[in-house]
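**Q** Residue numbers (my numbering), protein chains in the order written: chain A, 48 to 252; chain B, 48 to 252; chain C, 48 to 252; chain D, 48 to 252.
Protein chains: 4
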Amino acid sequence: MQESAGPQPNDHREEKRRRILRAAIDEFARKGYFSARMSDVAKAASVADGTLYLYFEGKEHLLVSVFDDVLGRAIDRARTEIAGVSSPLERLRMVIRLHLETLAGDPALAQVMQIETRHSQRFMNLLTRGRLGEYFELLRSLIAEGQQQGEIRRDVSPGFATNVVFGAVDEIVNSWLLAGAPGDLTRFHEPLMSLLSAGMVERRA
Amino acid sequence: MQESAGPQPNDHREEKRRRILRAAIDEFARKGYFSARMSDVAKAASVADGTLYLYFEGKEHLLVSVFDDVLGRAIDRARTEIAGVSSPLERLRMVIRLHLETLAGDPALAQVMQIETRHSQRFMNLLTRGRLGEYFELLRSLIAEGQQQGEIRRDVSPGFATNVVFGAVDEIVNSWLLAGAPGDLTRFHEPLMSLLSAGMVERRA
Amino acid sequence: MQESAGPQPNDHREEKRRRILRAAIDEFARKGYFSARMSDVAKAASVADGTLYLYFEGKEHLLVSVFDDVLGRAIDRARTEIAGVSSPLERLRMVIRLHLETLAGDPALAQVMQIETRHSQRFMNLLTRGRLGEYFELLRSLIAEGQQQGEIRRDVSPGFATNVVFGAVDEIVNSWLLAGAPGDLTRFHEPLMSLLSAGMVERRA
Amino acid sequence: MQESAGPQPNDHREEKRRRILRAAIDEFARKGYFSARMSDVAKAASVADGTLYLYFEGKEHLLVSVFDDVLGRAIDRARTEIAGVSSPLERLRMVIRLHLETLAGDPALAQVMQIETRHSQRFMNLLTRGRLGEYFELLRSLIAEGQQQGEIRRDVSPGFATNVVFGAVDEIVNSWLLAGAPGDLTRFHEPLMSLLSAGMVERRA
DNA sequence: AATGAATGAGTATTCATTCAT
DNA sequence: CATGAATGAATACTCATTCAT
Chain A
48 MQESAGPQPN
58 DHREEKRRRI
68 LRAAIDEFAR
78 KGYFSARMSD
88 VAKAASVADG
98 TLYLYFEGKE
108 HLLVSVFDDV
118 LGRAIDRART
128 EIAGVSSPLE
138 RLRMVIRLHL
148 ETLAGDPALA
158 QVMQIETRHS
168 QRFMNLLTRG
178 RLGEYFELLR
188 SLIAEGQQQG
198 EIRRDVSPGF
208 ATNVVFGAVD
218 EIVNSWLLAG
228 APGDLTRFHE
238 PLMSLLSAGM
248 VERRA
Chain B
48 MQESAGPQPN
58 DHREEKRRRI
68 LRAAIDEFAR
78 KGYFSARMSD
88 VAKAASVADG
98 TLYLYFEGKE
108 HLLVSVFDDV
118 LGRAIDRART
128 EIAGVSSPLE
138 RLRMVIRLHL
148 ETLAGDPALA
158 QVMQIETRHS
168 QRFMNLLTRG
178 RLGEYFELLR
188 SLIAEGQQQG
198 EIRRDVSPGF
208 ATNVVFGAVD
218 EIVNSWLLAG
228 APGDLTRFHE
238 PLMSLLSAGM
248 VERRA
Chain C
48 MQESAGPQPN
58 DHREEKRRRI
68 LRAAIDEFAR
78 KGYFSARMSD
88 VAKAASVADG
98 TLYLYFEGKE
108 HLLVSVFDDV
118 LGRAIDRART
128 EIAGVSSPLE
138 RLRMVIRLHL
148 ETLAGDPALA
158 QVMQIETRHS
168 QRFMNLLTRG
178 RLGEYFELLR
188 SLIAEGQQQG
198 EIRRDVSPGF
208 ATNVVFGAVD
218 EIVNSWLLAG
228 APGDLTRFHE
238 PLMSLLSAGM
248 VERRA
Chain D
48 MQESAGPQPN
58 DHREEKRRRI
68 LRAAIDEFAR
78 KGYFSARMSD
88 VAKAASVADG
98 TLYLYFEGKE
108 HLLVSVFDDV
118 LGRAIDRART
128 EIAGVSSPLE
138 RLRMVIRLHL
148 ETLAGDPALA
158 QVMQIETRHS
168 QRFMNLLTRG
178 RLGEYFELLR
188 SLIAEGQQQG
198 EIRRDVSPGF
208 ATNVVFGAVD
218 EIVNSWLLAG
228 APGDLTRFHE
238 PLMSLLSAGM
248 VERRA
């Protein structure tokens, strides 16, 4: 069960891979995906232009990799964290908190995940077939469980509810970003969950 | 009842302007904003390449114009339709219906409005300072009124609720588009309003 | 001996032609020949774009016309003025004075005549076959006469001397222009003639 | 005796740079600066279009570089050659000979230096602030020295005399070029110096 | 004669990607 | 593994000119 030939080559390689991803996030956030040049990314990562292509297939793949890498880690963490919690509604709340926390501390990353990554139909399809689809499926399964256990109303389809939830979270992040990322993004977690849970309509006593 | 200097020149001019906008929607939807070439748009509109620049300042301005033109008309219609209705919640429902209806009948348009138009931070800012900001303000004012009249709960800020509502609608449209625009988009109106109004949590008797 | 059909049509036409030429001089001087646009010239002349083409064959012809028009008038004046003078050297002096005077009062014109008009081999050939050739011939004939009458040394060819004389005058105007047309250009007439006549070498007593 | 970091890379680079400059001279001379296309230059230099921009900032910079490169070398040679000569008048004669010799053997180069390079006020200013200004200053200093040493008459300003001398040389080259570069340009050196030195007027015994 | 809206040919420049070293 | 010089495809935009009115 040898994980790698030598102990360092792979660490070294992984370290360089991460440096390139970080450089890509910063450059894409600063200049926008289309305006950023590969040689800018290379310079920011302190590698030669050609080296980028030893780690990623091309500029587009680099962007997909940023997205999938971040989302993949977030999904892993989410699965770990919700493992010991039984209430699906509570689990959903935890996942959304993680969603916000991941972006809250890294506006450049948020910028890339929210904006630069949504630039065309074709690209959206690419993402949906990757980690984004996985994330949607996670949300959907939690909602479906919630319905089975009676915590969530059964008269809306889980997929539909997933879209509403994701859309709400997504737009909260977007508007925070467009405003210049002021204050702590996670302060919206509580009101967001409240609104999604209980709805907007005033209840009478 | 002459509307302006020449009776026909302006009709003629307006007709050509609309033809170009339509061609832009179709080409941008088909190939994506970045891949579409201006000369494709010109050909689709049956005008010379240079003529595009007599009506729009450039490719980017053409995209902004599509967005603002469509949203401007929708806002106007919305204001007219809600004029005779007093309940803010009902008004909000009507605006959202109109939102869905506008895109339901024209997937190419929806494609441009939802995806091609969101391609960068810089561009989003441009839109937000135009009609999109106006639309957000319309939604916000309806929610604020609803709160004053006791229809909508007062413990969330109107701006925040606007983001949640818009985000939910936006994502419904997005997922419909990504699925290939199957069926009638407006079929989601009722469940969407229900979810936003009453929330997801199951109520006990 | 009817000079024209009606008294006004031709005056009117001529007036408009001159207005266009003047506009061309100003625009070519301000922006340079290549950067100036025909519609700028039209606007400066208060005519429609298309009207330019009723008076001149195109942009290039407009530039040739400016050059030939100015030089043609200068040549006519020169011939008139030297008519009563017998000394060829004195005649040459008068022609050069006229050359400087023509440009001295109109830096925009000087700019076009000296710079914008010299932009390519092909164009220089065009000019040389027109009024410029005529001007060179005038200078050459004066020098040849001067040689016959013993005023000018006979051991240089008249054509060669013409080039030296013209080159000297031309460069004086150029350097005056490049310096921003400071002071009166004609102040160089006397030293120029002195230098050309007596040469640079110091004579001993 | 290594001149720089790598022994060959720099030779290789310099060789390519010179190949591009030569290609530019030939293309600019053949078609004129404005009509010549960058990809023609690239093809003539046997490099890819993009390579041009690794060596020169753009088309205009390429033209400036031709001019400055040629003039820079000529000035260097001139300074070397006149080093051992004491008479300023003799030095001036040598510089002008070098001026003519440089252009005599390379009509394409002469064409670019004399015509294509003079296409606008803006561009002339550019040149004057570069090597051309340096060349004028060289001529001026020789004339000023000649005045101090009593070889050149003192009643004309050195700057003015410089213009006359340069203008005469320049026009000699121009007329040679316009005539199709017939014969040896340097055959005009002797009569030119004679005319500039002694003037045109016939001396009596 | 005059207009000015429409035409459409023409090109410098960028930058993702490759591959010889 | 890494480099970075070289490649070359790809396109928005301008503006002189035309011609229907």
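C-beta: ideal position from N, C-alpha, C; glycine also. Quick caveat: nothing in here was measured; it's all calculated off a predicted structure.
1) Are any of the Cβ atoms in chain A nearer than 7 Å to that of S167 (chain B)?
2) Under 7 Å between C-beta atoms, does S86 (chain C) make it to chain D?
3) Quick check: L150 (chain A) and V220 (chain A), are their CB atoms within less than 7 Å of each other?
4) Enumerate, from N- to C-terminal direction, the unbroken beta strand (DSSP E) stretches of 3 or more residues contained entirely within the stretch 155-192 of chain A.
5) Going by DSSP, what residues sit across from V117 (chain B) in a beta bridge?
6) Nearest-angstrom Cα distance between L75 (chain B) and D116 (chain A)?
7) Any beta carbon of chain C sitting closer than 7 Å to that of S222 (chain D)?
8) Identify which residue in C:V203, C:R178 and C:S222 has its Cα closest to the Cα of E237 (chain D).
9) Please identify the residue among B:S241, B:A245, B:M240 and B:L239 whose C-alpha is closest to the C-alpha of S241 (chain A).
10) For V94 (chain A), name the three-state secondary structure that DSSP assigns.
11) Could you name the residues of the stretch 142-175 of chain A whose beta carbon sits closer than 8 Å to any beta carbon of chain B, in the order they occur along the chain?
12) By the three-class DSSP mapping on this structure, what secondary structure does V88 (chain D) have?
13) Is there a C-beta anywhere in chain A that falls below 7 Å from the one on E74 (chain B)?
14) Taking C-beta pairs closer than 8 Å, name the residues in chain C that E198 (chain D) reaches, listed in chain order.
15) Suppose contacts are defined by Cβ-Cβ distances below 7 Å. Is R187 (chain C) in contact with G214 (chain C) by that definition?
16) Are the C-beta atoms of E14 (chain A) and some chain B residue less than 7 Å apart?
17) Leaving out five residues before and five after M141 (chain B) in sequence, what residues of the same chain have Cβ atoms less than 8 Å from its Cβ?
18) If we count the other Cβ atoms within 10 Å of its Cβ and call it buried at 16 or more, is A35 (chain C) buried or exposed?
19) Can you give me the Cβ contacts of Y80 (chain B) inside the same chain, cut-off strictly under 7 Å, excluding the 5 residues immediately before and after it?
20) In three-state DSSP terms, what is V132 (chain D)?
21) Leaving out the 5 sequence neighbours to the left and right, which residues in its chain are closer than 8 Å to M247 (chain B) when beta-carbon positions are compared?
22) Say whether chain C places a C-beta atom closer than 7 Å to the C-beta of G79 (chain D).
23) Report back the beta-carbon spacing between L139 (chain A) and R178 (chain A) to the nearest angstrom; my notes put them in contact at under 8 Å.
24) Considering only the beta carbon of each residue, do T233 (chain B) and L101 (chain B) sit closer than 7 Å?
25) Using the rule of at least 16 other Cβ atoms within 10 Å of the residue's Cβ for burial, across every protein chain shown, is S93 (chain B) buried or exposed?
26) For G230 (chain C) and R169 (chain D), what's the separation of their Cα atoms in angstroms?
27) Compare the C-alpha of L185 (chain C) against each of C:A208, C:G197, C:R65 and C:I122 and name the closest.
28) Taking 8 Å as the limit between beta carbons, can you name the residues of its chain near A171 (chain D), skipping five residues before and five after?
29) Using a beta-carbon distance below 7 Å, is G214 (chain C) in contact with chain D?
30) Is I72 (chain B) closer than 7 Å to V212 (chain B) when the C-beta atoms are compared?
31) Check whether chain C comes within 7 Å of L186 (chain D), counting only Cβ atoms and requiring the distance to be less than that.
32) Hey, L239 (chain C) and E198 (chain C) are a contact pair by Cβ (cut 8 Å); roughly how many whole angstroms apart?
33) Considering T209 (chain D), what are the terminal residues of the alpha helix (DSSP H) in which it resides?
34) Hey, is A226 (chain D) close to the ligand GTP, as in C-beta under 6 Å from one of its heavy atoms?
35) Can you give me the start and stop residues for the alpha helix (DSSP H) that E249 (chain A) sits inside?
36) Report the residue from A:K78, A:A89 and A:R84 whose alpha carbon sits nearest the alpha carbon of R65 (chain A).
**A** The structure says:
1) yes
2) no
3) yes
4) none
5) BP columns for V117 (chain B) are empty, so no partner.
6) One detail in the question is off: residue 75 (chain B) reads as Phe in this sequence, not Leu. Cα to Cα, the separation comes out at about 30 Å.
7) yes
8) C:V203
9) B:A245
10) coil
11) Q158, I162, E163, R165, H166, S167, Q168, R169, M171, N172 and T175
12) helix
13) no
14) V248 and E249
15) no
16) Nothing about residue 14 (chain A) can be read from this structure; chain A reaches only from 48 to 252.
17) A125, E128, I129 and V132
18) Because chain C here runs from 48 to 252, residue 35 (chain C) falls outside it and cannot be looked at.
19) L110, E163 and H166
20) coil
21) none
22) yes
23) About 18 Å separates the two Cβ atoms, so there is no contact after all.
24) no
25) exposed
26) 21 Å
27) C:I122
28) Checking the sequence shown, residue 171 (chain D) turns out to be Met, not Ala. If we look at M171 (chain D) and ignore the five residues flanking it on each side, its Cβ neighbours are R165.
29) yes
30) no
31) no
32) Not a contact, Cβ separation roughly 17 Å.
33) P205 to L225
34) Among the components modelled here there is no ligand, and therefore nothing to report on the ligand GTP.
35) Where E249 (chain A) is concerned, there is no enclosing alpha helix (DSSP H), given that its DSSP letter is neither H nor E.
36) A:A89
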